[in-house]
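First residue of the sequence shown? That's 1 in this note's numbering, and the numbers climb one at a time after it.
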Amino acid sequence: MAMLQETFAQGDSVLHCRDPRLRVIFAAFYAVLLAVSSDFTTLIIGLCCAFALVLVARLALLVVARRLLLVNIFNLILVAMLPITYEGRPLYTLGPFVGSVEGLALAGEIALKSNALVLLFIALVTTMSVATLGHALNSLHVPPKLVYLLLIAYRYVFVLEQEYGRLATAARVRGFSAGTNLHSYKTVAYLFGMLLVRALARADRVYQAMLCRGFCGRFYCIQQFRLDCGDILWSGIMLFFFLVLVYCEWLNNLV
Numbered sequence: 001m002a003m004l005q006e007t008f009a010q011g012d013s014v015l016h017c018r019d020p021r022l023r024v025i026f027a028a029f030y031a032v033l034l035a036v037s038s039d040f041t042t043l044i045i046g047l048c049c050a051f052a053l054v055l056v057a058r059l060a061l062l063v064v065a066r067r068l069l070l071v072n073i074f075n076l077i078l079v080a081m082l083p084i085t086y087e088g089r090p091l092y093t094l095g096p097f098v099g100s101v102e103g104l105a106l107a108g109e110i111a112l113k114s115n116a117l118v119l120l121f122i123a124l125v126t127t128m129s130v131a132t133l134g135h136a137l138n139s140l141h142v143p144p145k146l147v148y149l150l151l152i153a154y155r156y157v158f159v160l161e162q163e164y165g166r167l168a169t170a171a172r173v174r175g176f177s178a179g180t181n182l183h184s185y186k187t188v189a190y191l192f193g194m195l196l197v198r199a200l201a202r203a204d205r206v207y208q209a210m211l212c213r214g215f216c217g218r219f220y221c222i223q224q225f226r227l228d229c230g231d232i233l234w235s236g237i238m239l240f241f242f243l244v245l246v247y248c249e250w251l252n253n254l255v
């Protein structure tokens, strides 16, 4: 449950006040551009823009750094492995291994992309609640079933965790201790099988309860999103930097 806490959703920064639909749109545009980019200038500018958005949102930098830690542990592994497994011009020799310039460049590119994308989504998406995100996606005409899947999954993943906790506690009370033997494997398999059975039963009860309350396949939102002058100004700034990134990528392709 701690992993799903909406740590950054509450706030009164300029970014928190912006229309969620615009934040989702710009997050998608920037993410696609950064994902397909191969120019280091574009990626560095994109990383700086993402970090600037984090500062504008006034998020706790220590918490943000902890979220980046796992990403960069993976990046360090890539920096260590890619140069010696990717063919190219030799850069250094480490015993029987030869590190290549192209491998190190690829690892750096992946590191820049991953950090920029994580910071971008932390700043633009995690600063809204999951319910708000769902309503924003619905307003942008994302297929309704995908939106409902997001909202209901988020709502009931906590219930599944509680159910798993009860089953695990029951197993421990009966003297179960996980090991690397066949009995342990069978017990864990039974546990997950029972969790699936109970999840299906709970899902059916939830669906019947929703039908009793008049559910007809659509969630109605009381909150209506409206653009204001601040949203238009912010959109202009975001569009300007997006075009700067596009221009940098275009220049790189010309060279």
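For each residue, glycine too, the CB sits at the ideal point set by N, CA and C.
- Per DSSP, the beta-bridge partners of Phe97 are Leu94.
- By the CB criterion at 7 Å, Ala28 and Met128 fall outside the cutoff.
- About 7 Å separates the Cβ atoms of Ile45 and Val244, confirming a contact at the 8 Å cut-off.
- In the same chain as Glu163, and ignoring 5 residues on each side of it, the C-beta atoms closer than 8 Å to its own belong to Leu195, Arg198, Ala199 and Arg202, in chain order.
- The straight-line gap separating the alpha-carbon atoms of Gly217 and Val130 is approximately 19 Å.
- Taken in chain order, the region 139-192 contains no complete beta strand (DSSP E) segment of 3 residues or longer.
- Apart from sequence neighbours up to five positions away, the residues of its chain that approach Cys221 with a beta-carbon distance below 6 Å are His135, ordered along the chain.
- Ala50 is the residue among Ala50, Asp19, Arg174 and Asn181 whose C-alpha sits nearest the C-alpha of Ala31.
- By the neighbour-count criterion, in which a residue is buried when 16 or more other Cβ atoms sit within 10 angstroms of its Cβ, Thr41 is exposed.
- Arg174 sits exposed, since fewer than 16 C-beta atoms from the chains shown fall within 10 Å of its C-beta.
- If the five residues before and after Thr187 are omitted, its C-beta is found closer than 7 Å to the C-beta atoms of Ala171 and Phe176, all from its own chain and listed in chain order.
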